[in-house]
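**Q** Taken in sequence, the protein lines are chains E and U.
Residues are numbered in our numbering as their position in the first sequence, beginning at 1, plus a constant of 319.
Residues are numbered in our numbering as their position in the second sequence, beginning at 1, plus a constant of 319.
The beta carbon of each residue, even a glycine, is placed where N, CA and C say it ideally should be.
If you're wondering where the values come from, they're calculated on a predicted model, not measured in any experiment.
Quick one: the structure is below, and I'll ask about it shortly.
Number of protein chains: 2
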Amino acid sequence: MKIIVDLLGSDKGAETIFKGVIETSKLLKDLYFVVIGPKEIIEKVNISDDLKNRLEIIDTKEYILNTEEPTFAVRRKKNASIVLGMKCLDKGEADGLISFGSTGAALVSGLFIAKRMENVERPALTITLPTNKDKMILLDIGANTDCTTDILKQFAIMGNIYAKETLNKENPKIALLNIGSENGKGTKVLKETYSVLENEDMNFVGNIESRDIFNGDVDVVVCDGFHGNVVLKTIEGSVKFILDNIKKTLMSSILGKIGGLLIKSPMKKLKKTLDYKEYGACPMLGLKKVVFKGHGSSDEKAVVSGIVSMVDYIKKDINLKIEEKIERGEK
Amino acid sequence: MKIIVDLLGSDKGAETIFKGVIETSKLLKDLYFVVIGPKEIIEKVNISDDLKNRLEIIDTKEYILNTEEPTFAVRRKKNASIVLGMKCLDKGEADGLISFGSTGAALVSGLFIAKRMENVERPALTITLPTNKDKMILLDIGANTDCTTDILKQFAIMGNIYAKETLNKENPKIALLNIGSENGKGTKVLKETYSVLENEDMNFVGNIESRDIFNGDVDVVVCDGFHGNVVLKTIEGSVKFILDNIKKTLMSSILGKIGGLLIKSPMKKLKKTLDYKEYGACPMLGLKKVVFKGHGSSDEKAVVSGIVSMVDYIKKDINLKIEEKIERGEK
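And the structure:
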């Protein structure tokens, strides 16, 4: 198996991502890599002969910033790492691509170059989140802001297969994000989607409110990209607000300071659990090729875990399973 | 001044709400009360002669449950406490009404009985949230799921006045909830609303992502009721998830247990800060009459703080200010 790793555009720089590649190569001895980034940075790092034999470098310094309008940037920056990577992927030169740079650029170049699967209306960005029980998949988290019932139905179908394969659930519980748990709640599109999902061949358990997603009672939460993005960023903001406030509260009294010292190590562990950035990378479902997106602030360890998830995804042939299911559904 | 207090439908029962009324009567010596609830419960509680002279009772046992479809229930349950209260308010027998029961029932009975202000398209549910700096107002948090640009514009106008008067800001910063901070992000309606708000007579500071609302850099966040509700319930879920996990983490080690004991009291204080239910009640903006909604789990203290906020709102004549502004805007 060969995978493409886009080294550019992450918060921690190309070297960190490349070091993640090196660590992964020690774990997965039969994996080949195409890394895209500045040759001078890559060649400065010492690597084993073993990895040298499994490594190709595509040399570029250009990449797309988070602040750039992705559609425009993907068209203009022909030598951007994600564009070169996606072309390489499209030509069949590798089995998957992982990027830690701009999400918009990965999505747009995925759509323009690797393209959607036949019959998939829109691809979905996914994320795996911790809950009080097992992990849970949320989709879409930002690829599509205005979704029709058909699009949401496809998200549910894709999420169902992805959860089956990666969360090891035989019959994943699929729920629709809404502002009330009863049928008949929410927007027109959501009411319609509820009835459509009830008749789909999946374990649809109804609406879920965002306050309940951490209970771990469902495996997949389906929503449009606006709502998913709002949920994700609200979690992020809440976690930061709470942990900052705990620190402030503890520092304001002597007992708090002593207590704070005693709980420092367990709290650090907890912070890692709560930080979904630590959960490696997630796929963009519905593209013809396997494209994974890791968080921009990923460290070496997160890069390793992201690549490992992608390799698992490729091995399980999840894209093919989605393609087959969507095609059958559309007949 | 006379206010109506709906004693029924809250989690803690009519007696708790009534005890809150008693406490408030000690603070606000010139306030008159109409309480609506079961006479037998009210009369069981010992009250001072002073309060007796300022108290009217409307006797009813009927109320609308959270689980009932509010439009249907308000039409059918003629003797529900919120319906009787809203009728009393509509007749001009009091200056404001506060309820701790079903939000939907308060909203629907408000719309049907007290009615919208002239030229207000939709009323908005508000909430005041803590941030790292001052408090912040979020609206709408669930009254309207599908909002047009015009509706969102009115929410911004109403929120602006409400923030000016209650957060003591001369020129409150108004932001639009979106999934990116740049102009041009989000749904069609949001893009349109952005341009409209730029030309309004207010301190519009652009889009805000939900991860940033806790920074305290803006005073009012405007959004449709679906998005606001998702934000609010995600905060609620996140707070619970994090605090539960902290407890679990600390209980899993001896140092953690000791540390946990030491930080028990500051953590309890923090929990109260984070719990927006503690922030008393918030108005439904855009109704002809003053209607406040407190959280269903309000205790005596929260009831007091809710009534005090409402009295402040009435004294400042905020409804009149909104009415005048909206009318001028529509001309």
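Answer with buried or exposed for residue 330 of chain E, where buried requires no fewer than 16 other C-beta atoms within 10 angstroms of its C-beta.
**A** Exposed, because fewer than 16 other Cβ atoms sit within 10 Å of the Cβ of residue 330 of chain E.
**Q** Name the two residues that bound the continuous alpha helix (DSSP H) containing residue 407 of chain U.
**A** First-last of the alpha helix (DSSP H) with residue 407 of chain U: 400-409.
**Q** Using three-state DSSP, classify residue 516 of chain E as helix, strand or coil.
**A** Three-state DSSP puts residue 516 of chain E in a helix.
**Q** In angstroms with no decimal places, state the Cα-to-Cα distance between residue 342 of chain E and residue 619 of chain E.
**A** The alpha-carbon atoms of residue 342 of chain E and residue 619 of chain E are separated by roughly 8 Å.
**Q** Whose Cβ in chain E lies nearer than 7 Å to the Cβ of residue 371 of chain U?
**A** Chain E residues near residue 371 of chain U: none, gap ~41 Å exceeds 7 Å.
**Q** Assuming residue 448 of chain E and residue 568 of chain U make a contact with CB atoms under 8 Å, what is their CB distance in whole Å?
**A** With a Cβ gap of about 18 Å, residue 448 of chain E and residue 568 of chain U do not count as contacting.
**Q** Would you call residue 550 of chain E buried or exposed, if buried means 16 or more other Cβ atoms sit within 10 Å of its Cβ?
**A** Buried.
**Q** Identify, in the order they occur along the chain, each residue of the same chain with its Cβ nearer than 7 Å to the Cβ of residue 468 of chain E, setting aside the five sequence neighbours on each side.
**A** Contacts found: 508, 511, 512 and 515.
**Q** Does residue 555 of chain U have its Cβ less than 8 Å from a Cβ in chain E?
**A** Chain E, which has a Cβ nearer than 8 Å to the Cβ of residue 555 of chain U, makes this yes.
**Q** Any chance you could list the beta strand (DSSP E) runs of at least 3 consecutive residues sitting entirely within the region 379-453 of chain U, in chain order?
**A** Qualifying beta strand (DSSP E) stretches, in chain order: 415-418 and 443-448.
**Q** Determine the closest residue to residue 457 of chain U out of U:617, U:322, U:525 and U:542, with distance taken between C-alpha atoms.
**A** Considering only alpha carbons, the answer is U:542.
**Q** What is the C-beta distance between residue 606 of chain E and residue 435 of chain E, in whole angstroms, given that I count them as a contact (C-beta under 8 Å)?
**A** Contact flag correct, Cβ pair sits at about 6 Å.
**Q** Residue 381 of chain U versus chain E: which residues are under 7 Å apart at the beta carbon?
**A** Here the premise fails: no neighbours, minimum Cβ distance about 22 Å.
**Q** Is the beta carbon of residue 443 of chain U less than 8 Å from the beta carbon of residue 462 of chain U?
**A** Yes, Cβ-Cβ distance for residue 443 of chain U and residue 462 of chain U is below 8 Å.
**Q** Since residue 495 of chain E sits in a beta bridge, which residues does DSSP pair it with?
**A** BP columns for residue 495 of chain E point to E:526 and E:541.
**Q** Should the region 371-378 of chain U be regarded as contacting the region 347-359 of chain U, the criterion being three or more beta carbon pairs within less than 8 Å?
**A** Counting Cβ pairs under 8 Å, three or more are found: they touch.
**Q** Residues of chain E with CB under 8 Å from residue 540 of chain U, in chain order?
**A** Near residue 540 of chain U there are no residues of chain E at all, since even the closest Cβ is about 11 Å away, more than 8 Å.
**Q** Does residue 389 of chain E have its Cβ less than 8 Å from a Cβ in chain U?
**A** Judged by the 8 Å Cβ criterion, residue 389 of chain E is not in contact with chain U.
**Q** Going by CA-CA distance only, name the one from U:414, U:361, U:399 and U:518 that's closest to residue 338 of chain U.
**A** Closest option to residue 338 of chain U, Cα to Cα, is U:361.
**Q** By the three-class DSSP mapping on this structure, what secondary structure does residue 501 of chain U have?
**A** Coil, per DSSP.
**Q** Between which two residues does the beta strand (DSSP E) containing residue 533 of chain E stretch?
**A** That residue, residue 533 of chain E, is in no beta strand (DSSP E); it is neither H nor E in DSSP.
**Q** Verify the CB distance criterion: does residue 585 of chain E have a CB-CB separation below 8 Å to chain U?
**A** Judged by the 8 Å Cβ criterion, residue 585 of chain E is in contact with chain U.
**Q** What does residue 569 of chain U touch in chain E if you count any residue whose Cβ is under 7 Å from its own?
**A** Those are 582 and 585, listed as they occur along chain E.
**Q** Considering only residues of the same chain and omitting the five flanking positions on each side of residue 451 of chain E, which have a CB-CB separation below 7 Å?
**A** 533, 534 and 535, listed in sequence order.
**Q** Shortest alpha-carbon distance to residue 548 of chain U belongs to which of U:525, U:572, U:566 and U:446?
**A** Of U:525, U:572, U:566 and U:446, the residue nearest in Cα terms is U:446.
**Q** For residue 533 of chain E, return the contacting residues in chain U, with the cut-off set at a CB-CB distance below 8 Å.
**A** Per Cβ cutoff of 8 Å: 556, 557, 559 and 560.
**Q** Beta carbon of residue 519 of chain E, beta carbon of residue 499 of chain E: below 8 Å?
**A** Not in contact: residue 519 of chain E and residue 499 of chain E (Cβ atoms no closer than 8 Å).
**Q** Could you check the C-alpha separation between residue 650 of chain U and residue 604 of chain U for me, to the nearest Å?
**A** With a pLDDT of 42 at residue 650 of chain U, under the threshold of 50, the predicted position of this residue should be treated as unreliable, though the coordinate-derived value follows. Their backbone Cα atoms lie some 20 Å apart in a straight line.
**Q** If contact means a Cβ-Cβ distance below 8 Å, which residues of the region 607-621 of chain E contact chain U?
**A** Listed by position, the residues of the region 607-621 of chain E near chain U (Cβ gap below 8 Å) amount to none.
**Q** Pick from E:497, E:479 and E:416: whose alpha carbon is nearest that of residue 404 of chain E?
**A** Among E:497, E:479 and E:416, the Cα nearest to that of residue 404 of chain E belongs to E:416.
**Q** Is residue 514 of chain U close to chain E? Criterion is C-beta to C-beta, closer than 8 Å.
**A** No, residue 514 of chain U does not count as interfacial toward chain E.
**Q** Looking at chain U, is there any beta carbon in it that lies within less than 8 Å of the beta carbon of residue 322 of chain E?
**A** No - not a single Cβ of chain U is within 8 Å of the one on residue 322 of chain E.
**Q** For residue 638 of chain E, collect the residues of the same chain with a Cβ closer than 7 Å to its Cβ; drop the 5 residues on either side in sequence, then sort them by chain order.
**A** These residues qualify, in order along the chain: 609.
**Q** Which chain E residues are close to residue 545 of chain U, counting only those with a beta carbon under 8 Å from its beta carbon?
**A** In chain order: 498, 505, 506 and 546.
**Q** Could you check if residue 487 of chain U belongs to the surroundings of the ligand ADP, using beta carbon to heavy atom distance under 7 Å?
**A** Among the components modelled here there is no ligand, and therefore nothing to report on the ligand ADP.
**Q** Terminal residues of the continuous alpha helix (DSSP H) containing residue 353 of chain E?
**A** Careful: residue 353 of chain E lies outside any alpha helix (DSSP H), inside the beta strand (DSSP E) at 351-356.
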